[in-house]
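Here the structure is laid out as structure tokens; the discussion comes afterwards.
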Amino acid sequence: MLAMDPLDLHQARLQTCNIAMDLLGNHWLNLTLMIDTGPNPDLLTRAPAVRTVVIAGVSEVHVTMAMTAGTTTSFPMSNHTRERVTVAKLTLENFYSNLIIQHEERETRQKKLEVAMEEEGLADEEKKLRRSQHARKETEFLRLKRTRLGLDDFESLKVIGRGAFGEVRLVQKKDTGHIYAMKILRKADMLEKEQVAHIRAERDILVEADGAWVVKMFYSFQDKRNLYLIMEFLPGGDMMTLLMKKDTLSEEETQFYISETVLAIDAIHQLGFIHRDIKPDNLLLDAKGHVKLSDFGLCTGLKKAHRTEFYRNLTHNPPSDFSFQNMNSKRKAETWKKNRRQLAYSTVGTPDYIAPEVFMQTGYNKLCDWWSLGVIMYEMLIGYPPFCSETPQETYRKVMNWKETLVFPPEVPISEKAKDLILRFCIDSENRIGSNGVEEIKSHPFFEGVDWGHIRERPAAIPIEIKSIDDTSNFDEFPESDILQPVPNTTEPDYKSKDWVFLNYTYKRFEGLTQRGSIPSYMKAGKL
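Residue numbers (the numbering used here): 739 to 1266.
Structure, rendered in structure tokens:
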């Protein structure tokens, strides 16, 4: 059991009472807070249906909920009341869960500090000074966490990405001058398109993933109209843009990017997630040209309606008369690149990188991400994905019939090692490389000579030219939109009653709030 600071526990008790009073009052449901005293006898005599629940592992705090009429099986609770109860439950769970997480994170930061000081061999006086500085940062973090973050804290510089449900803007935080990428999602679209579970999962995963291989999120917040994710800006653009600029990559270049993506995917798997949407669009490049994984909206544990709807669209739309069958490799690549950007911004997207077992909906595991990597590797070396077609429907059929459609064009020669790795990625899941762990992939002959432990320290295979901290030359041009402008209430449905589904969306990372002041020298113009 996690020990809580007495002051934290006292504040938690008061906060729980306030939440209960504010959200429920005496409407249909009595919520009574009890601390170490057990159920209220008077409450028990008035209502037979009483439950005592330990919230979020805090043993001292119990919540007893008693129905004011009937029993648990026949109580006539209105939909409005059920929704209020759900809001109360989520609010309480989130409050105590966040308390425990904050406590654990604080302990982790303290342990990291102690380990770092031991490795540096600091004297006791220097250690004492470092601890004092760290304590001040922790205090500042707690203070800053209580301040509300909003659009007014950022200056919008430019639109650098646009999708079906929102857009990404380059922004600058006004008080520090730091540059970020702001992902903006419309709440109305999230509700209408049943994307709430997806955006919730993306936010939660970005909170948990804090490593070199995943794009870092510093803040998340919301207003009445939109959700906002404030992430590190990676000026190198994405792999899709890089592949569209080049006909093909050399095997040496491919080895570098596939190696880094192997480590990025493995980092996600070690956290217990399956990405499910590995594709060039989601492989971002930092200022030095190294890979970082992004876009976790389709990770494991989400509503399968998204995949089902996509599958239904594939099977109901009529096939196109267009065929790639008689095209040579050069024409295939040109046609693919012509349509690729449009597919990236559409709601349908492209099924080119999705493993067949995901389409079948009969069960899949993390191995589906390795299939996607095999498709990307093929595209890097050949110039287009192996199953590309004029329509998603035709692509889907090719993926499902991969034993016949996965072929290598003779006019684009590649090594046997490269071909073997692709074929071992793009095979039925039972025989797919990676089934015995990531080391099985690392030991493949194609990766001979890769220094897995220091790959991010070496120069990127293709250097990235960055002129300043807000250089967007590696991104497409987009016209301005009105996504940040308020609209009259009469033109938009009233989603206020459903706003509770976005509870606990706000997040502030320790590094983001404590790294204040001037911009690091390596981020300044001409230093990248």
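Backbone N, C-alpha and C fix where the C-beta goes; we use that ideal spot for every residue, glycine too.
Return the CA-CA distance between residue i and residue j, expressed in angstroms with no decimal places.
| i | j | result |
| --- | --- | --- |
| Arg1050 | Tyr1134 | The pLDDT assigned to Arg1050 is 34, lower than 50, so where the model puts this residue is not dependable, and the model offers no usable value. |
| Asp1059 | Cys1126 | Since pLDDT at Asp1059 reaches only 34, below the 50 mark, its modelled position is unreliable, and no value is offered. |
| Cys1164 | Gln1131 | 19 angstroms |
| Asp985 | Lys1030 | 23 angstroms |
| Met955 | Glu1149 | 43 angstroms |
| Glu1128 | Gly888 | 43 angstroms |
| Arg907 | Lys1104 | 31 angstroms |
| Gly1027 | Arg1196 | 10 angstroms |
| Leu923 | Asp1208 | 22 angstroms |
| Ser988 | Val1137 | 25 angstroms |
| Tyr1091 | Ala861 | 54 angstroms |
| Glu842 | Asp1189 | 34 angstroms |
| Gly904 | His936 | 14 angstroms |
| Glu932 | Arg941 | 16 angstroms |
| Pro1151 | Asn1139 | 24 angstroms |
| Leu851 | Glu845 | 10 angstroms |
| Leu981 | Asp927 | 31 angstroms |
| Leu1144 | Thr877 | 58 angstroms |
| Val823 | Glu864 | 52 angstroms |
| Glu1117 | Ile1160 | 10 angstroms |
| Leu895 | Glu1218 | 10 angstroms |
| Lys1141 | Glu1178 | 23 angstroms |
| Val1113 | Asn1212 | 23 angstroms |
| His1044 | Leu1036 | Caution applies to His1044, whose pLDDT of 32 falls short of 50 and renders its modelled position unreliable; the model cannot decide the point. |
| Glu858 | Lys875 | 21 angstroms |
| Glu1203 | Leu972 | 12 angstroms |
With distances taken from CA atoms, which of the options is nearest residue i?
| i | options | result |
| --- | --- | --- |
| Ser1153 | Ile1202, Ile1006, Lys1104 and Glu990 | Glu990 |
| Arg1279 | Leu1161, Cys1106, Asn1174 and Phe1240 | Residue 1279 lies beyond the residue range present for the chain, which begins at 739 and ends at 1266; the question has no answer from this structure. |
| His1007 | Asp1208, Tyr1245 and Gly1172 | Gly1172 |
| Leu1021 | Thr986, Thr979 and Ala1198 | Thr979 |
| Phe892 | Glu1218, Gly1035 and Phe959 | Phe959 |
| Leu965 | Gly859, Leu929, Glu1177 and Val1145 | Leu929 |
| Gln871 | Gln1099, Gln848 and Phe1213 | Gln848 |
| Lys983 | Glu876, Asp1214, Thr1244 and Thr877 | Asp1214 |
| Ala1002 | Asp913, Arg900 and Asp1107 | Asp1107 |
| Gly1121 | Phe1146, Glu1142 and Glu1203 | Phe1146 |
| Asp961 | Arg886, Glu1186 and Gly915 | Arg886 |
| Phe1185 | Asp1158, Leu972 and Phe971 | Asp1158 |
Do the CB positions of residue i and residue j come within less than 8 angstroms of each other?
| i | j | result |
| --- | --- | --- |
| Ala1199 | Phe994 | yes |
| Asp1024 | Gly1101 | no |
| Leu1119 | Ala1156 | yes |
| Thr999 | Leu1111 | yes |
| Met1115 | Ile1016 | no |
| Ala947 | Leu1009 | yes |
| Ala1005 | Val953 | no |
| Ile968 | Thr1210 | no |
| Phe1011 | Leu944 | no |
| Lys1246 | Leu882 | yes |
Using a 10 Å radius around the Cβ and a threshold of 16 neighbouring Cβ atoms, would you call residue i buried or exposed?
| i | result |
| --- | --- |
| Met920 | buried |
| Pro1201 | exposed |
| Asp976 | buried |
| Pro1183 | exposed |
| Asp1019 | buried |
| Asp1166 | exposed |
| Val1096 | buried |
| Leu867 | exposed |
| Pro1123 | buried |
| Gly1175 | exposed |
| Ala873 | exposed |
| His1013 | buried |
| Arg938 | buried |
| Met803 | For Met803, the predicted structure reports a pLDDT of 40, less than 50, and the residue's modelled location is therefore unreliable. The matter cannot be settled from this model. |
| Pro1089 | buried |
| Ala854 | exposed |
| Gly795 | With a pLDDT of 39 at Gly795, under the threshold of 50, the modelled position of this residue cannot be trusted, and the question is left open. |
| Ala902 | exposed |
| His1192 | exposed |
| Thr1228 | Reliability of the predicted coordinates at Thr1228 is poor, the pLDDT of 40 falling under 50, and no value is obtained from them. |
My assumption, with CB atoms under 8 angstroms, is that residue i sits in contact with residue j. Please give the rounded CB distance.
| i | j | result |
| --- | --- | --- |
| Tyr918 | Lys911 | 7 angstroms |
| Trp1109 | Arg1170 | 7 angstroms |
| Phe1216 | Arg900 | 5 angstroms |
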